[in-house]
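Enquirer:
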Amino acid sequence: MNLSTFESNGWKWFFWSLFPLYALCYAPYGVNETDGGFITGLAWQLLSGKVLYQDIVYIRPPIPVFLRALELKLLPEYYAVLGERWIFYLKVWLYSYMAARLLMPNPKKWILATIGFIVSVHCYPAMAWHTVDGIFFAVLSAYLWFCSPLRYQGLGFWLAGSAAAISMLCKQSFYPLLPFFGVAMYLDHQSTGRQKLLFAGGVASALALWWVYLAQAGLSAMYMSLTAGSTTTGQAVQHGLFDYWMI
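Using our numbering, read the sequence shown as starting at 95 and increasing by one per residue.
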């Protein structure tokens, strides 16, 4: 399929209009009948002085709760719920573009980004969600590695590694990113050894910061105890294979 300049620009502007369209026409309305708000509740407890994994029972890695706490801290109180929905739409909009740019670096990427956004944005409630955070940082990592101008300065690889680690700290289902990116680095003959080391350094430094915090706070054992139940091989097979088969 060849796109004329007119068609390409039409898809481009349609995609750019999607975020404000959803922010204005969808975000203010609707009732969430699922478990919406649970990350907001955890983040509110965090801001109230409780300690994650000590006073707050949470079976996932910490990044979504930390991010939501930061949002609540920065947003005006009367925008807490509406702002949460706007941020959700923005994350899905951004990772739809980055994924399309990775898969199709030509004018047809606007079609792929548009379809990707419209399909993805209706798969989750419009709320803070650990899966959306994990996808966002995973796609951001790949984008920084392969598409960002920063890759030629080396900084992009460090940031890509950090984003990959942050994705793994969103949900256990993103742990396989570590071997996946290891294989990708081995197969990527266009990147230099120094760039690959920078990526590995970004992963290692981000994960090390988290484990140093856990050790200093005396939370390592509690963190492992709470998160281990959702990190078993059986859980991986169930949610990574059988659930999709049933769907």
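Backbone N, C-alpha and C define an ideal beta-carbon position, used for all residues, glycine too.
Out of Y120, T286, D129 and L197, which has the shortest C-alpha to C-alpha gap to H216?
Expert: Closest option to H216, Cα to Cα, is Y120.
Enquirer: Any idea what DSSP makes of L146, helix, strand or coil?
Expert: Correct three-state label for L146: strand.
Enquirer: The alpha helix (DSSP H) with V306 in it runs from where to where?
Expert: That run of the alpha helix (DSSP H) goes G287 to A311.
Enquirer: Check each candidate in P156, T128 and L234 and name the one with the smallest Cα separation from F251.
Expert: If we check each option's Cα against that of F251, L234 comes out closest.
Enquirer: Could you give the residue range of the alpha helix (DSSP H) that holds K203?
Expert: K203 to V215 is the span of the alpha helix (DSSP H), which, as asked, contains K203.
Enquirer: So, V159 versus I133, is the Cβ gap smaller than 9 Å?
Expert: Cβ atoms of V159 and I133: closer than 9 Å.
Enquirer: Distance check for G177 and G248, CA to CA, integer angstroms please.
Expert: Roughly 34 Å between the two C-alpha positions.
Enquirer: Does the beta-carbon distance from I153 to G323 come in below 9 Å?
Expert: Contact: yes.
Enquirer: Under 9 Å, do G210 and A232 count as touching if we go by C-beta distance?
Expert: No, Cβ-Cβ distance for G210 and A232 is not below 9 Å.
Enquirer: Do L161 and A222 come within 9 Å of each other at the CB atom, strictly closer than that value?
Expert: Yes; because the gap between Cβ atoms is below 9 Å, this pair is in contact.
Enquirer: Quick one, are the C-beta atoms of G255 and G287 less than 9 Å apart?
Expert: For G255 and G287, no; Cβs fall outside 9 Å.
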